[in-house]
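Visitor: Take a look at the following structure, please.
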Amino acid sequence: MKKIALVLVAVALAALPVFADSVAGTWNVDGDVAGNPVKFTTVWKQDGETLSGTATLEGKETPVTGTAKDKAVTFEFDTVHEGTTYHLVFTGTVGDDGVLKGAIAVAGVEGTFTATKQ
Numbered sequence: 270m271k272k273i274a275l276v277l278v279a280v281a282l283a284a285l286p287v288f289a290d291s292v293a294g295t296w297n298v299d300g301d302v303a304g305n306p307v308k309f310t311t312v313w314k315q316d317g318e319t320l321s322g323t324a325t326l327e328g329k330e331t332p333v334t335g336t337a338k339d340k341a342v343t344f345e346f347d348t349v350h351e352g353t354t355y356h357l358v359f360t361g362t363v364g365d366d367g368v369l370k371g372a373i374a375v376a377g378v379e380g381t382f383t384a385t386k387q
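Here it is in structure tokens:
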């Protein structure tokens, strides 16, 4: 009876959707906010649910902070464009295909993004 229970537990665990232990690594982000392209590379480190790292936009590196829990990922950073500082917040979900998709919020406007891990 114990063997059957152990086999059932092993089968149930194997059937659970698998989410990578970490989203750490390099991601290529491609998005759009009100017709304005948003394209950059970000590199993340992960400690538990906490993300840290950098994003490289227009040749400039900026610090990134965020969280990753289950398949939900949120990250944010400030960037300066033409003398104005913008705070960008990305909220998305990692799909079964490993692609991160979601919404961008910046200056009261929203857009969408897709990120793929290198």
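To get the working numbering, take the position in the sequence shown, counting from 1, and add 269. Where a beta carbon is used, it is the ideal one built from N, C-alpha and C, also for glycine.
1) Determine the burial state of E318: buried for a count of at least 16 other Cβ atoms within 10 Å of its Cβ, exposed for fewer.
2) Could you work out which residue in A372, H356 and Y355 is closest to V363 when comparing CA atoms only?
3) Please classify Q315 as buried or exposed, where buried requires at least 16 neighbouring CB atoms within 10 angstroms.
4) From the DSSP output, which residues share a beta bridge with G300?
5) Excluding the 5 residues flanking D301 on each side, which residues of the same chain have their C-beta closer than 7 Å to its C-beta?
6) Classify A384 as buried or exposed, calling it buried when 16 or more other Cβ atoms lie within 10 Å of its own Cβ.
7) In its own chain, which residues sit with a C-beta less than 6 Å from the C-beta of H356, not counting the 5 before and 5 after it?
Guide: Put simply:
1) Burial call: exposed.
2) Among A372, H356 and Y355, the Cα nearest to that of V363 is on A372.
3) Taking a 10 Å sphere around the C-beta of Q315, we find 16 or more other C-beta atoms and assign the residue as buried.
4) BP columns for G300 point to V307 and F382.
5) The answer, listed in chain order, is V307, G380 and T381.
6) Note on A384: 16 or more other CB atoms within 10 angstroms of its CB, so buried under the neighbour-count rule.
7) Within the same chain, H356 has close Cβ partners D347.
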